[in-house]
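Residue numbering for the sequence shown follows full-length UniProt numbering, beginning at 1 and increasing consecutively.
Glycine included, every Cβ here is placed at the ideal spot set by N, Cα and C.
Owing to the predicted nature of the structure, the values given are computational and were not obtained by experimental measurement.
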Amino acid sequence: MQSLRPSRPVASKLPKLGKPVLAENNQPSKVEINQTKRSPSSPQGGAKKRAAFGDITNAHKNPQLLQKKKEGKKEGQKVAIKKTKNAPTSDVTKNNELNIKKTQKKVIVTEEPLPEVKEEKLSNEERKSVPAKEIPAEKVLPPGVEDIDQDSLDDPFSNSEYAVDIFSYMRDREEKFLLPNYMEMQTDISKDMRAILVDWIVEVQENFELNHETLYLAVKLVDHYLAVSVIMREKLQLIGSTAVLIASKFEERCPPCVDDILYICDDAYKRDEVVAMEMEILQKLNFDINIPVPYRFLRRFAKCAHATMETLTLARYICELTLQEYDFVQESASKVAASCLLLALQMKGLGGWTDTLLHYSGYQTKDLWPLVKRLNFLITYPANETLKAVKDKYSHRVFFEVAKLPPLDMQRLAEPLQS
């Protein structure tokens with residue numbers, strides 16, 4: 001609903017009408033004031049003369065008009081002289097004289113010569129001692145490895161110049177956020193309860209049309225909070241909804257507000273409870289919530305493989321299925337992303353792991369093979385048939401109906417990967 005603002009008075013663009021100006025004979029003092037501002041040779045409305053060019057008007061073509069102009073000029077000068085002798089000096093003329101003196105003083109100051117700046121000349125020995133600017137060395141790639149950032153250097157939104165440093169930084173950070181088997185310390189919640197919560201978060205992400213990064217980060221926040229806090233099952237949905245709120249503030253341009261979070265929880269919690277839980281989660285995680293998620297690595301690796309949008313969507317579907325499964329919590333984000341892409345390439349019959357993928361991911365096929373087998377088993381035999389949020393989402397035409405693709409036979413999958 002558009003907010004109503006008090007209407008502001010619109011200022012009129014028309015100038016205020018003043019009193020009419022009287023003739024020169026009736027107001028001699030005003031003539032004197034005007035002559036201090038304007039040269040008598042330039043009457044009101046007439047063309048000004050410029051000393052450098054002389055008279056550039058058309059008056060010289062009409063000698064009669066020129067003669068009248070000269071006579072009027074002399075009369076105007078006489079009147080001005082008589083009036084200035086008899087009339088008392090007004091405040092305006094005094095102010096004008098003071099202003100003229102001030103400007104003359106300023107001009108005199110500016111006319112002073114500036115001090116000369118002596119240029120320092122360096123000898124040959126001094127020039128050699130000055131360090132030259134370091135020229136960044138061109139990155140040399142191994143043979144057979146493609147520079148995937150070369151084509152997007154002109155795109156300011158791709159950050160191609162910093163892509164290698166960004167993902168190297170993310171690889172270092174994911175080592176800091178490896179999760180333990182925290183379900184061993186939880187006494188009132190289970191893996192199935194966590195799977196139900198994640199399934200609900202997927203529905204929230206789809207209904208609010210949030211970014212996929214928001215979904216992955218929200219699940220990560222839940223896991224990292226549960227790794228350091230023992231909770232009761234009544235608080236599990238509050239933790240999940242608050243994690244969605246925090247992740248939305250971190251990733252979204254227009255995140256949902258607290259009232260939206262209360263609405264999706266059917267008003268099961270109060271506003272103060274959500275705010276208190278938000279503060280508690282952030283304090284438990286030391287406000288360090290820039291957690292690497294598999295989705296970012298997946299897009300990077302798909303660019304290395306020149307994967308189509310359909311192949312990338314299939315890999316995203318496999319990767320999103322892992323969010324519900326607690327058994328994949330302890331895996332690193334980059335390894336999950338690489339394994340999901342490798343399985344998607346095999347399902348689409350697009351080959352295996354190339355040298356470019358090996359270079360940018362840091363994983364060989366033998367490193368990914370155990371995880372690929374587990375992912376293929378997850379697609380073939382879902383752990384919980386009732387949790388269908390991810391499958392229903394990727395069964396839509398918008399996502400190329402990738403959830404309807406048949407999984408690979410384990411024997412058929414093992415042949416190209418183990419050879």
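key: For Phe377, the first and last residue of its enclosing alpha helix (DSSP H)   = Thr365 to Thr380
ask   = Where does the unbroken alpha helix (DSSP H) through Tyr162 begin, and where does it stop?
value = Where Tyr162 is concerned, there is no enclosing alpha helix (DSSP H), given that its DSSP letter is neither H nor E.
Cβ distance (whole Å) where Ala268 is taken to contact Phe301 below 8 Å = That belief does not hold up - the Cβ atoms of Ala268 and Phe301 are roughly 40 Å apart, past 8 Å.
ask   = In this structure, does DSSP put Arg233 in helix, strand or coil?
value = helix
ask   = Nearest CA to the CA of Tyr225: which residue from Asp147, Thr242, Leu210 and Lys348?
value = Thr242
query = Do you know how far the Cα of Ile196 is from the Cα of Val189?
reply = The sequence shown places Ile at residue 189, not Val. So the alpha carbons of these two residues sit roughly 11 Å apart.
request  = Would you grab the beta carbon distance between Leu313 and Phe400 for me? Rounded to a whole angstrom, and I think it's under 8 Å.
outcome  = Residue identity differs from the one stated: residue 313 is Thr in this sequence, not Leu. Their Cβ separation, rounded to whole angstroms, is 5 Å, which keeps Thr313 and Phe400 in contact under 8 Å.
inquiry  = Please return the same chain residues whose Cβ sits closer than 7 Å to the Cβ of Val198, not counting the five positions on each side in sequence.
reply    = Val219, Leu323 and Gln324
Nearest candidate by alpha-carbon position, reference Ile379, set Ile201, Leu357, Glu415 and Leu405 = Leu405
ask   = Which class does Leu215 belong to by DSSP, given the choice of helix, strand or coil?
value = helix
message = Here's a check: name, in chain order, each residue in its chain whose Cβ is nearer than 7 Å to the Cβ of Leu357, leaving out the five neighbours to either side.
response = Phe301, Cys304 and Ala305
key: Residue range of the alpha helix (DSSP H) that includes residue 429   = No information on residue 429 is available, as it lies outside the stretch 1 to 419 that the chain covers here.
inquiry  = Which residue marks the beginning of the alpha helix (DSSP H) containing Glu310, and which one marks its end?
reply    = Met309 to Gln324
request  = Report yes if the C-beta distance between Asp147 and Leu141 is below 8 Å; otherwise report no.
outcome  = yes
query = Taking the C-alpha atoms as reference points, what is the distance between Phe167 and Val293?
reply = 11 Å
Beta-carbon contacts of Ala403 that lie in its chain and below 7 Å, excluding the five residues immediately before and after = Tyr317, Lys391, Tyr394 and Ser395
CB-CB length for Val244 against Ile201, believed under 8 Å = 6 Å
inquiry  = Could you give the first and the last residue of the continuous alpha helix (DSSP H) run that contains Leu262?
reply    = Val258 to Ile264
task = Identify which residue in Arg233, Glu320, Tyr182 and Asn211 has its Cα closest to the Cα of Ala344.
result = Glu320
message = If I measure Cβ to Cβ from Gln330 and keep anything under 6 Å in the same chain, skipping five residues before and after, which residues do I get?
response = Leu179
task = Keeping to the same chain, check which residues put their C-beta closer than 7 Å to that of Leu210; ignore five residues upstream and five downstream.
result = Ser248 and Glu252
query = If you draw a straight line from the C-alpha of Met309 to the C-alpha of Thr187, how long is it?
reply = 43 Å
message = For Ala307 and Leu413, what's the separation of their Cα atoms in angstroms?
response = 19 Å
key: Met347, buried or exposed, once every other Cβ within 10 Å from all chains shown has been counted against 16   = buried
key: Of the residues Pro382, Val336, Asn159 and Arg271, the one placed nearest Trp369, counting alpha carbons only   = Val336
request  = Reducing DSSP to helix, strand and coil, say where Arg412 ends up.
outcome  = helix
ask   = Sorted by chain position, which residues of the same chain lie with C-beta nearer than 8 Å to Glu273's C-beta, five sequence neighbours on each side aside?
value = Leu238
query = When the Cα of Gln418 is compared with those of Arg299, Thr365 and Ile264, which residue comes out closest?
reply = Thr365
query = Ordered along the chain, which non-local residues of its own chain (more than five positions away) have a Cβ less than 8 Å from that of Glu206?
reply = Ala389 and Lys393
key: Whole-angstrom distance between Tyr169 and Gly352, CA atom to CA atom   = 27 Å
task = Look up Trp200 in the DSSP assignment and say whether it is helix, strand or coil.
result = helix
task = Name the residue from Asp288, Thr354 and Tyr263 whose alpha carbon lies nearest to the alpha carbon of Leu221.
result = Asp288
query = Between the beta-carbon of Arg296 and the beta-carbon of Glu213, is there less than 8 Å?
reply = yes
key: Whole-angstrom distance between Val228 and Pro416, CA atom to CA atom   = 42 Å
Distance, Lys191 Cα to Met183 Cα = 7 Å
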